[in-house]
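Worksheet: the structure to be examined is printed underneath.
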Amino acid sequence: MRKIWEAALIMVIPRFSSLQNDTAEKRYLELMKNPELMRQIPQKYLASFIGVTPTSLSRIRKKIH
């Protein structure tokens, strides 16, 4: 059980670090590296994943494109 928790923490720590240190634009650009994911997941869930509102995500997308 300890090994499972260690593996989970190893996966979660970079995510928390990214939410605290990176800008929303940088997190969005990282997410864009997986275009299949971008096509399959609704925008409101992508916004939640990078820690912004859907409106803010729309502004970020407009600014980048």
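In the numbering used here, the protein residues as written are 33 to 97. Every residue, glycine too, gets a C-beta built ideally from N, C-alpha and C.
Our two residues, N53 and M33, have alpha carbons roughly 31 Å apart in a direct line.
No Cβ-Cβ contact shorter than 8 Å links P86 with K94. In this structure A79 is buried. Its beta-carbon is surrounded by 16 or more other beta-carbon atoms within 10 angstroms. Only exposed fits R47, as fewer than 16 other CB atoms lie within 10 angstroms of its CB.
DSSP places M43 within a helical segment (H, G or I) once states are collapsed to three.
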